[in-house]
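Contents: one structure, followed by commentary.
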Amino acid sequence: AEGRAPAEGRAPAEGAAASLALAAPAVTSAVVPVVREQRFLADGSVHVRETQGEPRFPTAEWSEADDAATPGTVLLDETVPTGDLSPAYPRQLAADPAALRDQLLAVWPQADDTAAALFQALHEVASTRVLDASVQAAALTMLAQEPGVVALGETTDRRGRTAVAFGTDSDDSGLDRRHVLMLDPGTGRLLGYEEVLTGDTGGLDVEAPAVTTYTVFF
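Just so you know, we're using the working numbering here: the sequence shown kicks off at 754 and counts up by one.
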């Protein structure tokens, strides 16, 4: 619905993604989330830690038979040197909206849906570095000017923060989905990103709308 992030309640407390099967027969789906935390250190490096989340199974029998890692199990714990997480994007991002758009789309040269590509690019960049205020402002202006981007209104993110949501609908993955970016209404800082299946869910036995992945920025 307008003014709210789509189907926010459908995702578990941890970040999660479901595998998409376009041509496969329908399957019974489970959500096996991985919690990924990234801390930006003073020297520019990034500490990455991944832990097993709490699986969500469709039946109690499946839950008892599953041999997935115990929730809380550390899957990854490492520090990545400066620039190694997103080397495709320029170290210095432009503070001009048009120039920033060109920089981001240069990494997506085959993109048929530029709005969806920009949403994914902003998510990738914000996941690997701290964006300064001028770049955040340029990104907000860029989104406001991009065809296919709609303002979804005010919402509350997964940490209870007031946010303004922008969305764009795309079938670039083969399935209809909505990309959603949530920003701080006062500063323009990116607070969250979500992808939501909005139509045919392919081989997944879930009902649309269904959140397939989300990121919370602290």
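Positions of the beta carbon are idealized from the N, C-alpha and C atoms, including for glycine.
Taken through DSSP and simplified to helix, strand or coil, aspartate 925 comes out as coil. Burial state of alanine 841 is exposed, judged by a 10 Å Cβ sphere holding fewer than 16 other Cβ atoms. Excluding five sequence positions before and after alanine 891, the CB atoms of its chain that fall closer than 7 Å to its own CB belong to Ala847, Ala848, Asp849, Pro850, Leu853, given in chain order. Take the alpha-carbon of serine 798 and the one of proline 900: they are about 35 Å apart. In the DSSP annotation of this structure, the continuous segment of the alpha helix (DSSP H) that includes arginine 854 starts and ends at 850-858.
Along the length of the segment 869-917, whole beta strand (DSSP E) runs at least 3 residues long occupy 903-909, reported in chain order. Judged by DSSP secondary structure, aspartate 937 falls outside any beta strand (DSSP E); it is assigned neither H nor E. The three-state secondary structure of threonine 823, taken from DSSP, is coil. With three or more CB-CB distances shorter than 8 Å, the segment 945-953 counts as touching the segment 915-933. C-alpha of proline 862 to C-alpha of glycine 906: approximately 30 Å in a straight line. The beta carbons of aspartate 953 and leucine 944 sit no closer together than 7 Å.
Nearest to threonine 832 by C-alpha distance, out of Asp910, Gln845, Thr881, is Thr881.
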